[in-house]
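Colleague: Got a structure for you, written out below as structure tokens; questions coming shortly.
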Amino acid sequence: MSASKKNTLQAWLFLAPALLLLLAFSFWPVGFGSYLAFTQYNLIDAPVWVGLDNFRELFEDELFISALQNSALYLLVVPAIQVLAILLAVLVNNQLPGIKFYRAAYYLPVVTTVSVIGVIWNFMYTDDGALNAVLRWLHVINEPIGWLSDDRIALFSVMFVTIWRGLGWYMVLYLAGLQSVPQDVYEAAVLDGANAWQRFWKITVPLLMPTILLCSVMSMLAAVKCFEEVQIMTKGGPMQSTYTALFYAYEFGIKSLNFGRALAASLVMSVFCVALAWLNFRYLQPRKK
Amino acid sequence: MEKTLPMPRAATAKKINMNKLANRTLHYLVLTLLAVITVYPFWWTLVTALSTSGDVFTYPPRMWPENPGLDNFVEVFKTIDVIAFYKNSIIISVLTVAGTLIVCSMAAYPLARMQFPGRNIVFGAILATMILPSEVNFLVNFITVSKLGMGDTYTGVILPGLAGAVGIFLMKQAFEAVPNDLVDAARVDGATEWQIFWHIMLPLARPALAALTILTLVAAWNQYIWPSIVMASPDKFPLSVGVLYLSGAFSFKIRVVAAGAVLTVLPILIVFLFTQRYFLRGFDGAVK
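Protein sequences appear in the order of chains A and B.
For what it's worth, my numbering labels the leading residue of the first sequence as 1, then goes sequentially.
For what it's worth, my numbering labels the leading residue of the second sequence as 290, then goes sequentially.
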């Protein structure tokens, strides 16, 4: 065997475990999943080709339509997370005494498992729970609010938990972005008499654009695919008001073993996600001059 | 432009100092308010888990435990098999970390240091997995794992997550930073690629391996949905899944559920407190 052939073989041997795993658990799901979306499949019998039936049933199912709407509504968390995360990053981007404590405090929810977060927030949200108690104490409300039991509010309560647990993660990304902004730009701006507000809008935000793009794509895709919080906190209720598209796919796939319908739903979601990512890059990409 | 009366120097300096103090106070006020929002739910849970008497829900909310004691924790151990959950979480986390380190660093080595046909295609394919809609993979992966007879097994929980693009890139970067001279010298001495990888690359990439270990450990300990899908028998649940089993079956025992939640997050919070820099990186560079 020639030296270069041996070299090639060795390289592929090094790569083999990772490539096999990626093939089986990252690429196969996309291909096989897309195929199953056009079949009827219950894990036991062989898949039966049904053409577009699953998609027709999907769009005739009011539950899926409302789940899709909820997933779209879920995008409201994106601006909230971005604004708050940038605020946090600016606030902790210094060496004030105790700042490390604050950074860790904001990051705490990120390293907590989502199941415990669900349990904790179910405590917070009950009628006599801490949230209602604080709001009554501050005289914001008189009657307790049914954060998770009122079908008009429940989805927003779940969305708040998503914001709460994601903030620290985006804060860290923005901090990295902030720290790549050269300090002398700020110093020059101060000499020119720019106040903090002007410096933020004229220097920080434009230079932070690549990070904002990255974070908004990440949080948008995470928002439309959100379902763990729903699965833990509300199971889609009350009155199916917190169904998101992926929770629908989870229920039909994992719970009812109706994989055709579940994968059709997730294929619709994937198309939705690709469109969102494309829109982001189209409109938030810094213009090259 | 507004005209200001000339002020003596000391007075100006004092005014600036007062402004600075006011700003600083406001700064800390906002910081603290936000920290209360992120930390209080945890604090409430801890306080409730430690309280052994009185109402669970109080008005205004409780700030300190009433009759602090460990009764609720003892109750958790009596109610569910926490030891088994801990064992499962540890097995899953340790094997996931070990597997990830091996698989990712092996894949990263040829990508960083070897020339071979197909290198760019492989690199592109790994990059592509970051764009694929991976959140929906769990549906087909559940089918795959079941068909391979790995349902309800640790292998089924661990295997799908081992090869990750992030881990591979992290190791690739570390390997690329190793000086060429070392590698060339080893090749001249007749070292095989495996020996170079094992005796030169890995020891020099220790910081990257440490970072990957910590990040993977926390992610593996915290993963919830995938193990809850794969594991069917409760005695194989990791803590993240077991805690919901507790809150589902004993939702009326709120203090016990709170204690269960504390037991679930405590180990990982301790890990986090000692390894914060791996998560909160980004500041250490510029603001030193």
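Each residue gets a CB set at the ideal place from its N, CA and C atoms; glycine is no exception.
1. Measure from the alpha carbon of residue 470 of chain B to the alpha carbon of each residue in B:363, B:555, B:402 and B:333, then state which is nearest.
2. Does DSSP put residue 48 of chain A in a helix, a strand or coil?
3. Whole angstroms is fine: what's the gap from residue 358 of chain B's alpha carbon to residue 339 of chain B's?
4. Roughly how many whole angstroms lie between the Cα atoms of residue 252 of chain A and residue 454 of chain B?
5. Within 10 angstroms of its Cβ, does residue 352 of chain B collect 16 or more other Cβ (buried), or is it exposed?
6. Nearest to residue 274 of chain A by alpha carbon, out of B:521, B:419, B:319 and B:428?
7. Provide the residue(s) that pair with residue 39 of chain A in DSSP beta bridges, ordered along the chain.
8. Can you find a C-beta in chain A that's less than 8 Å from the C-beta of residue 316 of chain B?
9. For residue 456 of chain B, which residues of its own chain have a beta-carbon under 6 Å away from its beta-carbon, when the five flanking residues on both sides are left out?
10. Taking residue 62 of chain A as the reference, give the member of A:278, A:279, A:240 and A:254 with the closest Cα.
11. Less than 8 Å between the beta carbons of residue 486 of chain B and residue 8 of chain A, yes or no?
12. Taking 6 Å as the limit between beta carbons, can you name the residues of its chain near residue 281 of chain B, skipping five residues before and five after?
13. With a cut-off of 8 Å on the beta carbons, I'd call residue 175 of chain A and residue 220 of chain A a contact; round off their distance for me.
14. Just the chain A side, please: which residues come within less than 9 Å of residue 447 of chain B by C-beta, in chain order?
15. Give the interface partners of residue 350 of chain B over in chain A, defined as CB-CB distance under 7 Å, in chain order.
16. Terminal residues of the continuous alpha helix (DSSP H) containing residue 226 of chain A?
17. Does any C-beta atom of chain A lie closer than 8 Å to the C-beta of residue 484 of chain B?
18. What did DSSP end up calling residue 329 of chain B once you bin it into helix, strand or coil?
19. When the Cα of residue 24 of chain A is compared with those of B:430, B:310 and B:462, which residue comes out closest?
20. What residues in the stretch 513–524 of chain B bring their beta carbon closer than 7 Å to a beta carbon of chain A?
21. Closer than 7 Å: is that where the CB of residue 33 of chain A sits relative to any heavy atom of the ligand MN?
22. At 4 residues or longer, what runs of the alpha helix (DSSP H) sit wholly inside the stretch 387–439 of chain B?
23. Please state whether DSSP places residue 235 of chain A in a helix, a strand or coil.
24. Within this structure, are the beta carbons of residue 40 of chain A and residue 47 of chain A separated by less than 8 Å?
25. Where do the N-terminal and C-terminal ends of the alpha helix (DSSP H) with residue 553 of chain B fall, by residue?
26. Give me the Cα-Cα distance between residue 361 of chain B and residue 533 of chain B, rounded to the nearest whole angstrom.
27. Going along chain A in order, which residues have a C-beta closer than 7 Å to the C-beta of residue 565 of chain B?
28. Against residue 399 of chain B, what residues of chain A qualify as contacts under a CB-to-CB distance less than 7 Å, listed in chain order?
29. Counting only beta-carbon atoms, is residue 253 of chain A nearer than 8 Å to chain B?
30. Pull up the distance between the alpha-carbon of residue 507 of chain B and that of residue 111 of chain A, whole angstroms please.
31. For residue 341 of chain B, go through chain A and note every residue whose CB falls closer than 9 Å to its CB, in chain order.
32. Look at the alpha carbon of residue 210 of chain A and the alpha carbon of residue 451 of chain B, and state the distance between them as a whole number of angstroms.
33. Distance, Cα to Cα, residue 446 of chain B vs residue 157 of chain A?
34. Just how far apart, CA to CA, sit residue 178 of chain A and residue 563 of chain B?
35. If you reduce the DSSP assignment to three classes, tell me which class residue 307 of chain B lands in.
36. What separation, rounded to the nearest whole angstrom, lies between the Cα atoms of residue 33 of chain A and residue 42 of chain A?
Modeller: The relevant details are as follows:
1. The residue with the shortest Cα to Cα distance from residue 470 of chain B is B:402.
2. In the structure shown, residue 48 of chain A sits in a strand (DSSP, three-state: E or B).
3. Approximately 5 Å between the Cα atoms of the pair.
4. Here the alpha carbon of residue 252 of chain A sits roughly 30 Å from the alpha carbon of residue 454 of chain B.
5. Exposed, by the Cβ-count rule.
6. For the residues B:521, B:419, B:319 and B:428, the minimum Cα distance to residue 274 of chain A belongs to B:419.
7. Listed as beta-bridge partners of residue 39 of chain A by DSSP are A:49.
8. Answer yes: the Cβ-Cβ gap between residue 316 of chain B and chain A drops below 8 Å somewhere.
9. Here the set comprises 389, 393 and 501.
10. By alpha-carbon distance to residue 62 of chain A, the top candidate from A:278, A:279, A:240 and A:254 is A:240.
11. No, they are not a contact pair.
12. One cannot answer for residue 281 of chain B here, as it falls past the ends of chain B, which runs 290 to 577.
13. Separation of the CB atoms of residue 175 of chain A and residue 220 of chain A is rounded to 21 Å, and the pair is thereby denied contact status at 8 Å.
14. None at all; the shortest Cβ gap to chain A is about 11 Å.
15. Correct list: 130, 133 and 134.
16. Taken as a continuous stretch (DSSP letters only), residue 226 of chain A belongs to no alpha helix (DSSP H), as it is neither H nor E.
17. Chain A places no beta carbon closer than 8 Å to that of residue 484 of chain B, leaving this residue out of the contacts.
18. Looking at residue 329 of chain B - three-state DSSP - the assignment turns out to be helix.
19. Check the Cα spacing between residue 24 of chain A and each of B:430, B:310 and B:462: the tightest is with B:430.
20. Answer set for the stretch 513–524 of chain B: 513, 514 and 518.
21. Because no ligand of any kind appears in the structure shown, any question about the ligand MN cannot be addressed here.
22. Here the runs fully enclosed are 408–420 and 426–436.
23. Coil.
24. Yes.
25. Its alpha helix (DSSP H) spans residues 543–568.
26. In this structure, the alpha-carbon of residue 361 of chain B lies about 16 Å from that of residue 533 of chain B.
27. For residue 565 of chain B, the C-beta contacts it makes with chain A under 7 Å involve 104, in order along the chain.
28. Simply 11, 14 and 15.
29. Answer yes: the Cβ-Cβ gap between residue 253 of chain A and chain B drops below 8 Å somewhere.
30. Computed Cα separation, rounded: 7 Å.
31. Neighbours of residue 341 of chain B on chain A: none; closest Cβ ~17 Å, over 9 Å.
32. Residue 210 of chain A and residue 451 of chain B have their C-alpha atoms some 29 Å from each other.
33. If I take the Cα positions, the gap works out to 31 Å.
34. If you take the alpha carbons of residue 178 of chain A and residue 563 of chain B, they lie about 25 Å apart.
35. Helix.
36. Whole-angstrom Cα-Cα distance: 13 Å.
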